[in-house]
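Residue numbers (this note's numbering): -9 to 427. All C-beta atoms, glycine included, are put in the ideal place defined by N, C-alpha and C. Since this is a predicted model, take the numbers as computed values, not measurements.
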């Protein structure tokens, strides 16, 4: 593998489904930040109390994709590139170097592994057991029912005997008593949740503050690989609805509050169109009934309108006209600002190495057109949203199909305004907040 790389073991626990999704979607999800592009990640799976390595890859760019059912647990997600597979490797072999505390040193929390000897051992084991394609590790291990460990590397290697490995129960006990998990966390400060004034107030509005601090709030959308267009009025069209002239509902606009273009070189469609809708109950809608009426009578219809406008449920000619109009405005916006033009040009040169300067606008048009037809996502940023409401909205939005029959995607983010009570330690990673009754 790469020289001077950080190795990590990303453990999927006993969830074969999560392991399969990591491989199929080529995404690695972490419960805490720290992993970086270029890190070498070994995917592990626990089968009958034994942890096995079954695949590995190289971390790529940060992504907002989260295909797992328990996706809220994974705060840090990156592409997993160059995935290769191996026969299941019994990771207890790491006890040869790490001793009886090897699970705490190498498994817990996908910790960085910079020990050269451990890296060499992982490389050696993987190279000796590498296979050409994906296999179900459970089926492989169960192919000899009388001895489940026979087909793992410890059974095939003459220099490693099963009696040399630590007992299985010891491994579980070590993981359960990880001192890293049992020590107190450090708190940077205490805060109280307060209300935004409304959505658009120039000083205390949710939309205003989120736009101002967007890249600090959303590390999944790094500025180097995204273009945020918060000037939604540039998409207004006099006398008509800019998205779908045939679909007008009183109080429901077809104009998103912001547009976010995401560039991901490793994705099937390198550009993604994100329509952002800001909503805020704020001080004006404090009661549960008001919130419910606004959600069902305004927010959900608004998001449905966005989704339908680029879906096959809308006439193809209207979709084409809308996409063309938006693309021209986006390109006009890009070339207004030299720093944005330079960023987008870098994207295109990564995608098309032989592109000339005269072809930039044409290739950008083509990439945006592909995105509008194949890769659209609706983002709702709001001050209050339950898990059930988020799931319901997601099901509604994702029922709309694009031209390639993929669903329009949905992301819902809750942003709260917090007022400082006291600052304790500026270097600490965590903070706690209270919401008054």
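If you drop the 5 nearest sequence neighbours on each side, which residues of the same chain put their C-beta closer than 7 Å to that of residue i?
i, result
"residue 230", "With a pLDDT of 40 at residue 230, under the threshold of 50, the modelled position of this residue cannot be trusted; read the value that follows with caution. Excluding sequence neighbours, residue 230 sits near nothing in its chain."
"residue 42", "34, 35, 78, 79, 80, 81, 127 and 142"
"residue 247", "197, 222, 266, 267 and 268"
"residue 204", "218"
"residue 236", "Its pLDDT being 46, under 50, residue 236 is placed unreliably by the model, and nothing is read from it."
"residue 351", "321"
When you compare each of the options to residue i by their alpha carbons, which one comes out closest?
i, options, result
"residue 129", "6, 325, 416 and 407", "6"
"residue 382", "310, 286 and 404", "286"
"residue 397", "303, 100 and 276", "303"
"residue 337", "131, 93, 262 and 246", "262"
"residue 58", "106, 331, 325 and 9", "9"
"residue 175", "12, 51 and 415", "415"
"residue 14", "26, 39, 47 and 38", "47"
"residue 30", "70, 364, 40 and 353", "70"
"residue 4", "244, 85, 404 and 37", "37"
"residue 180", "426, 427, 412 and 425", "412"
"residue 104", "52, 87 and 83", "87"
"residue 310", "299, 319 and 320", "299"
"residue 295", "244, 109, 327 and 283", "244"
"residue 98", "2, 12 and 364", "2"
Residue i bridges to which residues according to DSSP?
i, result
"residue 80", "42"
"residue 36", "41"
"residue -2", "31"
"residue 6", "The partner list for residue 6 (beta bridge, DSSP) is empty, contrary to what the question assumes."
"residue 180", "412 and 422"
"residue 265", "249 and 368"
"residue 402", "370"
"residue 407", "184"
"residue 20", "66"
Near residue i, which residues of its chain fall below 6 Å by C-beta distance, leaving aside the five closest residues on each side in sequence?
i, result
"residue 75", "45, 121 and 124"
"residue 402", "370, 375 and 380"
"residue 384", "400"
"residue 100", "-2, 0 and 20"
"residue 428", "This structure cannot settle anything about residue 428, because the visible part of the chain is limited to -9 through 427."
Please go through the same chain and pick out, in chain order, the residues whose beta-carbon is closer than 8 Å to the beta-carbon of residue i, but skip the five residues on each side of it.
i, result
"residue 186", "194, 195, 196, 199, 270, 272, 273, 373 and 407"
Is there contact here, the region 65 to 80 with the region 12 to 23, by at least three beta-carbon pairs under 8 Å? yes
Segment contact flag, the region 268 to 279 with the region 350 to 362, C-beta cutoff 8 Å, min 3 pairs: no
Which ranges would you report for the beta strand (DSSP E) in the region 277 to 339 if only whole runs of at least 3 residues count? none
With a floor of 3 residues, list each beta strand (DSSP E) that falls wholly inside the region 61 to 133, ordered by position along the chain. Qualifying beta strand (DSSP E) stretches, in chain order: 66 to 80.
Do the region 415 to 426 and the region 192 to 211 touch if we need at least three Cβ pairs shorter than 8 Å? no
Using 8 Å as the Cβ pair cut-off and three pairs as the minimum, do the region 213 to 221 and the region 385 to 393 touch? no
Are the region 280 to 294 and the region 249 to 260 in contact at 8 Å, needing three or more beta carbon pairs? No, because fewer than three Cβ pairs between the region 280 to 294 and the region 249 to 260 fall closer than 8 Å, the two stretches do not touch.
Ignoring anything shorter than 3 residues or poking outside the region 196 to 226, list the beta strand (DSSP E) runs there in chain order. 216 to 219
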